[in-house]
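A.B. asks: After the structure tokens below, expect a handful of questions from me.
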Amino acid sequence: MSSSRRTFLKTTGLTLSSGMLASIAGCLSDSSTGGNSSPTESTTSNQSDDTSPPDFTQWLPDPTTTALQDGYGFQYFNIAEIRAHQDSIHENAYSRLKNQIRLPVPSEYIDVTAIDATVEIDFAMELALGSFDPEAVGEKLTNDRQSSTTASTQTSTTATRTTWPEPERYKGFDLYGTEHVYAVSEDALMSVSPMGEGNAVKDTKAIIDTRVAETSQYVDGNEYVAAMLGVVDDPHALWCYPEAMNGSTSRGFRKDIITGQLKSWRFGTETTHLTWANTYPDTETAKSGELTDYIESESDRFGAYEGLDVKTEDRMAWTDGTIPTKEFDHLSPDGPGDGVTTSH
Numbered sequence: 019m020s021s022s023r024r025t026f027l028k029t030t031g032l033t034l035s036s037g038m039l040a041s042i043a044g045c046l047s048d049s050s051t052g053g054n055s056s057p058t059e060s061t062t063s064n065q066s067d068d069t070s071p072p073d074f075t076q077w078l079p080d081p082t083t084t085a086l087q088d089g090y091g092f093q094y095f096n097i098a099e100i101r102a103h104q105d106s107i108h109e110n111a112y113s114r115l116k117n118q119i120r121l122p123v124p125s126e127y128i129d130v131t132a133i134d135a136t137v138e139i140d141f142a143m144e145l146a147l148g149s150f151d152p153e154a155v156g157e158k159l160t161n162d163r164q165s166s167t168t169a170s171t172q173t174s175t176t177a178t179r180t181t182w183p184e185p186e187r188y189k190g191f192d193l194y195g196t197e198h199v200y201a202v203s204e205d206a207l208m209s210v211s212p213m214g215e216g217n218a219v220k221d222t223k224a225i226i227d228t229r230v231a232e233t234s235q236y237v238d239g240n241e242y243v244a245a246m247l248g249v250v251d252d253p254h255a256l257w258c259y260p261e262a263m264n265g266s267t268s269r270g271f272r273k274d275i276i277t278g279q280l281k282s283w284r285f286g287t288e289t290t291h292l293t294w295a296n297t298y299p300d301t302e303t304a305k306s307g308e309l310t311d312y313i314e315s316e317s318d319r320f321g322a323y324e325g326l327d328v329k330t331e332d333r334m335a336w337t338d339g340t341i342p343t344k345e346f347d348h349l350s351p352d353g354p355g356d357g358v359t360t361s362h
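Take the position in the sequence shown, starting the count at 1, then add 18; the result is the number in the numbering used here.
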């Protein structure tokens, strides 16, 4: 681990040695529109002198401030960068990326080319970051609800028309609904369902509070998450699935050995960088060679990547590797030319 990343983990007190989804196909369909990022070339290391976790983590609340007390998984896509590298990515792999990215509202509600990134928390929150017109989005949300309510209550003689109350204003956001909440600002749009047995309005406000730094973030409340994000810099596509720090839940990972898993890619014009990290219940297991053995046993998936030397620190093992961008395959056997079908 680079010294800057080790500094980040230790200065935040998080070293592991201490105790309506809609497909976003149109969003990636044109590499010449949307986003203001220029393509960046992947190198042999993702790590830099930055000592902060990736920017999107400001939207990930400490689970103890939500109904997801035992933790949650999340996904992140830097759409502007993925779109910028469309010509370099195999069409099969790019198609799968399009299918994996989700929007908080149907694409007809917003200009999808104005979206820069998306974040998804568990099955409870979908977030789009970019440039939005809150009034226009709110009008479409309201009109859509009115239309659906009218259609569902029509009889042979009458039609009932209902409206949402005026949105609640909360720290720069307009909040629509109660059982399922839509939150809209000039740079963010999210859809929030109740987290577990929670309250959608309360959970939405917890996410907004996290963003404005009024409550702690996920990295403050889960050491597994802090460690895994500590070895990733500026990812373009990322999945992270941690278990609860208190052992109250298990996500059914491989042989039930690991306690968290992260995979991420950063795309470059010529090469793409993979980071893969696992956390474990103790240091001994992390250093046992489990991750090395797994990579070797899955050579049809990892074999196309160069530089996969496994490193360990405390209860985490991780590796970084590169692959020609045209061969990026979501770790599918046989490469993107034969289709990208694996669920891993």
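Cβ coordinates follow ideal geometry from the N, Cα and C atoms, glycine included.
Considering only the beta carbon of each residue, do Asn110 and Gly357 sit closer than 7 Å?
C.D. replies: Against the sequence shown, residue 110 aligns to sequence position 92. Against the sequence shown, residue 357 aligns to sequence position 339. Yes, the Cβ-Cβ distance between Asn110 and Gly357 is below 7 Å.
A.B. asks: Can you find the residues in the same chain that come closer than 6 Å, C-beta to C-beta, to Thr83, ignoring five residues on each side of it along the sequence?
C.D. replies: Residue numbering aside, residue 83 sits at position 65 when the sequence shown is read from its first letter. Taken in chain order, the residues that qualify are Ala224 and Thr233.
A.B. asks: Residues in its own chain within less than 6 Å of Ser282 by CB, not counting five upstream and five downstream?
C.D. replies: Translated into the one-based positions of the sequence shown, residue 282 becomes position 264. The residues are Val250, Pro253, Leu256 and Thr293.
A.B. asks: For Lys344, I'd like the list of residues in its chain whose CB is within less than 7 Å of its CB, leaving aside the five on either flank, ordered along the chain.
C.D. replies: For this step, residue 344 is matched to residue 326 along the sequence shown. The answer, listed in chain order, is Ser106 and His108.
A.B. asks: Let's see if you can read the secondary structure: which residues bound the beta strand (DSSP E) around Ser282?
C.D. replies: The residue labelled residue 282 in the question sits at position 264 within the sequence shown. Gly278 to Phe285 is the span of the beta strand (DSSP E), which, as asked, contains Ser282.
A.B. asks: Of the residues Pro79, Glu99, Ala132 and Tyr90, which one's Cα is nearest the Cα of Arg284?
C.D. replies: In the sequence shown, residue 284 corresponds to position 266, counting from 1. Ranking the options by Cα distance to Arg284, first place goes to Glu99.
A.B. asks: The beta strand (DSSP E) that contains Val202, what's its start and end?
C.D. replies: If you number the sequence shown from 1, residue 202 lands on position 184. Start and end: Val199 to Val202.
A.B. asks: Based on Cα-Cα distance, which residue from Lys189, Met246 and Val199 lies nearest to Trp182?
C.D. replies: As a working note, residue 182 is residue 164 in the sequence shown. With distances taken between Cα atoms, Trp182 lies closest to Val199.
A.B. asks: Going by Cα to Cα distance, which pick from Tyr188, Ala206, Gln93 and Gly216 is closest to Ile128?
C.D. replies: One-based indexing of the sequence shown puts residue 128 at position 110. Answer by Cα proximity: Ala206.
A.B. asks: Is Thr340 near Thr289, with beta carbons less than 7 Å apart?
C.D. replies: Reading the sequence shown from its first residue, position 322 is the one you call residue 340. Reading the sequence shown from its first residue, position 271 is the one you call residue 289. Against a cut-off of 7 Å, the Cβ pair of Thr289 and Thr340 comes out as a contact.
A.B. asks: Checking the sheet assignment: what are the DSSP bridge partners for Leu46?
C.D. replies: As a working note, residue 46 is residue 28 in the sequence shown. For Leu46, which the question treats as bridged, DSSP gives no partner whatsoever.
A.B. asks: Taking only three categories from DSSP, how would you classify Thr290?
C.D. replies: By one-based count along the sequence shown, residue 290 stands at place 272. If DSSP states are grouped into helix, strand and coil, Thr290 belongs with the strands.
A.B. asks: Would you check if the distance between the CB atom of Met156 and the CB atom of Ala132 is smaller than 7 Å?
C.D. replies: Taking the first residue of the sequence shown as 1, we reach residue 156 at position 138. Taking the first residue of the sequence shown as 1, we reach residue 132 at position 114. This sequence places Gly at residue 156; Met is not what is there. Against a cut-off of 7 Å, the Cβ pair of Ala132 and Gly156 comes out as no contact.
A.B. asks: Distance check for Phe92 and Gly195, CA to CA, integer angstroms please.
C.D. replies: Looking up residue 195 in the sequence shown gives position 177. Looking up residue 92 in the sequence shown gives position 74. Taking the straight line from one Cα to the other gives about 24 Å.
A.B. asks: Within the continuous beta strand (DSSP E) that includes Phe92, where are the two ends?
C.D. replies: Indexing the sequence shown from 1 puts residue 92 at position 74. Run containing Phe92: Phe92 to Phe95, per the beta strand (DSSP E) assignment.
A.B. asks: Helix, strand or coil for Pro4 per DSSP?
C.D. replies: Limits of the chain in this structure are 19 at one end and 362 at the other, which puts residue 4 out of reach.
A.B. asks: Compute the beta-carbon to beta-carbon distance between Gly278 and Pro260, rounded to the nearest angstrom, for a pair I have assumed lies under 8 Å.
C.D. replies: Residue 278 sits at position 260 when you count from the first residue of the sequence shown. Residue 260 sits at position 242 when you count from the first residue of the sequence shown. 4 Å between Cβ atoms; contact.
A.B. asks: With a Cβ-Cβ cutoff of 7 Å, do Ala295 and Met213 count as a contact?
C.D. replies: Residue numbering aside, residue 295 sits at position 277 when the sequence shown is read from its first letter. Residue numbering aside, residue 213 sits at position 195 when the sequence shown is read from its first letter. No. Outside cutoff.
A.B. asks: Could you check where the beta strand (DSSP E) with Tyr298 kicks off and where it finishes?
C.D. replies: The residue given as residue 298 occupies position 280 in the sequence shown. Here Tyr298 belongs to no beta strand (DSSP E), and DSSP marks it neither H nor E.
A.B. asks: Mind checking Asn264: buried by the 16 CB within 10 Å criterion, or exposed?
C.D. replies: The residue given as residue 264 occupies position 246 in the sequence shown. The residue in question, Asn264, is exposed, as its Cβ has fewer than 16 Cβ neighbours within 10 Å.
A.B. asks: With a threshold of 16 other CB atoms inside 10 Å of the CB of Asn117, please say whether the residue is buried or exposed.
C.D. replies: Looking up residue 117 in the sequence shown gives position 99. Answer is exposed; the Cβ neighbour count stays below 16.
A.B. asks: To the nearest angstrom, report how far apart Ser203 and Gly321 are at their CA atoms.
C.D. replies: As a working mapping, residue 203 is identified with position 185 in the sequence shown. As a working mapping, residue 321 is identified with position 303 in the sequence shown. Distance between the alpha carbons of Ser203 and Gly321 is about 44 Å.
A.B. asks: Going by DSSP in three states, Gln235 sits in which element: helix, strand or coil?
C.D. replies: For the purposes of this step, residue 235 is identified with residue 217 of the sequence shown, where counting begins at 1. The answer is strand: DSSP assigns Gln235 an E or B state.
A.B. asks: Taking DSSP as the reference, what is the three-state secondary structure of Thr61?
C.D. replies: Locating residue 61 in the sequence shown gives position 43, counting from the first residue. At Thr61, the pLDDT of 40 sits below 50, so the modelled position is not reliable and the matter cannot be decided from this model.
A.B. asks: Kindly indicate which three-state DSSP category Pro152 falls into: helix, strand or coil?
C.D. replies: By one-based count along the sequence shown, residue 152 stands at place 134. Reduced to three states, the DSSP call for Pro152 is helix.
A.B. asks: Just to confirm, are Phe124 and Ala146 a CB contact at a threshold of 7 Å?
C.D. replies: Within the sequence shown, residue 124 is the residue found at index 106, counting from 1. Within the sequence shown, residue 146 is the residue found at index 128, counting from 1. According to the sequence provided, residue 124 is Pro. The question's Phe does not apply to it. No. Outside cutoff.
A.B. asks: Return helix, strand or coil for Pro342, following the three-state DSSP convention.
C.D. replies: Start at 1 with the first residue of the sequence shown, and residue 342 comes out as number 324. Reduced to three states, the DSSP call for Pro342 is strand.
A.B. asks: So Ala218 packs on Val210, CB below 8 Å; how close in whole Å?
C.D. replies: The sequence position of residue 218 within the sequence shown is 200, counting from 1. The sequence position of residue 210 within the sequence shown is 192, counting from 1. Contact holds; Cβ gap of about 5 Å.
A.B. asks: Just list the residues that DSSP pairs Gln336 with in beta bridges.
C.D. replies: By 1-based counting over the sequence shown, the position of residue 336 is 318. Note that residue 336 is Trp in the sequence shown, not Gln. Beta-bridge pairing links Trp336 to Ala295 and Lys329.
A.B. asks: Cα separation between Gln235 and Asp311?
C.D. replies: Working through the sequence shown from its first residue, we reach residue 235 at position 217. Working through the sequence shown from its first residue, we reach residue 311 at position 293. Those two C-alpha atoms are separated by around 33 Å.
A.B. asks: Let me know the secondary structure DSSP gives Asn54 once reduced to three states.
C.D. replies: As a first step, residue 54 must be located in the sequence shown, where it is residue number 36. Bear in mind that a pLDDT of 38 at Asn54, under 50, signals an unreliable position, so the model cannot answer this.
A.B. asks: Is Thr136 near Phe191, with beta carbons less than 7 Å apart?
C.D. replies: Numbered from 1 along the sequence shown, position 118 holds the residue referred to as residue 136. Numbered from 1 along the sequence shown, position 173 holds the residue referred to as residue 191. No, the pair does not count as a contact, with Cβ atoms beyond the cut-off.
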